[in-house]
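Each residue of the sequence shown is one higher than the one before, starting from 0 at the first, in numbering that gives the first Met the number 0.
Read the structure below first, then the notes.
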Amino acid sequence: MGTDQVHDFNPGIDPFPAGLFWTVAIPEDSVALNLGRGTASYRLFNFAIEDYGNIGNALSDGSSVPGVVSFDVEWSGVVERATTSDTSNRFSLNLVRTGASVSWTGSSSLGSFASEAVTKVNFAQIAHETNGMFFGG
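Structure, rendered in structure tokens:
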């Protein structure tokens, strides 16, 4: 598993082995959403994260080296809007299908990687979900 892979940037599993899986707090201003306009962004720049080298090493909590990643994901261009609600399960969803673009870089002592900017994706969607005690009917 992961024999040809040279980078695996992720925050690990904390605490290992049964804790949160690849989850980390990010600055609140890294995410923006305007469902009415059908736009959103998710950006992090020079975010400190471990590079495990490959997925097998990461999943076994193997050795890692410090790294940094930066990415910019932008959603825009409304394609379709939809809503759904299930009152018996206390769930509602308002979604907007959009276009999206992504750019991503990562570096560590193992080397660096940079994506080419993606200008077209096959599927992109932003949404607002309400459930449980927050469900208003």
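Where is the CB? At the ideal position from N, CA and C, for every residue including glycine.
Excluding sequence positions up to five away, which residues of its chain have a Cβ less than 8 Å from the Cβ of residue i?
i: residue 21; result: 9, 10, 11, 12
i: residue 23; result: 10, 48
i: residue 70; result: 41, 42, 43, 101, 102, 103, 104
i: residue 16; result: 60
Note the first and the last residue of the continuous alpha helix (DSSP H) segment covering residue i.
i: residue 125; result: Per DSSP, residue 125 belongs to no alpha helix (DSSP H); it is in the beta strand (DSSP E), 124-130.
i: residue 54; result: 54-58
Using the Cα positions of residue i and residue j, report the straight-line distance between them to the nearest angstrom.
i: residue 50; j: residue 135; result: 43 Å
i: residue 53; j: residue 28; result: 30 Å
i: residue 109; j: residue 124; result: 34 Å
i: residue 19; j: residue 82; result: 31 Å
i: residue 115; j: residue 86; result: 43 Å
i: residue 26; j: residue 84; result: 31 Å
Residues in its own chain within less than 7 Å of residue i by CB, not counting five upstream and five downstream?
i: residue 130; result: 89, 90
i: residue 75; result: 37, 38, 97, 98
i: residue 45; result: 67, 69
What are the boundary residues of the beta strand (DSSP E) that includes residue i?
i: residue 76; result: 64-85
i: residue 96; result: 90-107
Suppose the cutoff is 6 Å on Cβ atoms and the five residues either side in sequence are ignored; what does the same chain contact list for residue i look like?
i: residue 80; result: 95
i: residue 1; result: In this prediction, residue 1 has a pLDDT of 46, which is less than 50 and means its spatial position is unreliable; nothing more can be read from the coordinates.
i: residue 57; result: 7, 9, 51
Measuring only between beta-carbons, confirm whether residue i sits less than 9 Å from chain D.
i: residue 60; result: Annotation note: the requested chain D is absent from the structure, which comprises a single protein chain.
My assumption, with CB atoms under 8 Å, is that residue i sits in contact with residue j. Please give the rounded CB distance.
i: residue 61; j: residue 106; result: Not a contact, Cβ separation roughly 19 Å.
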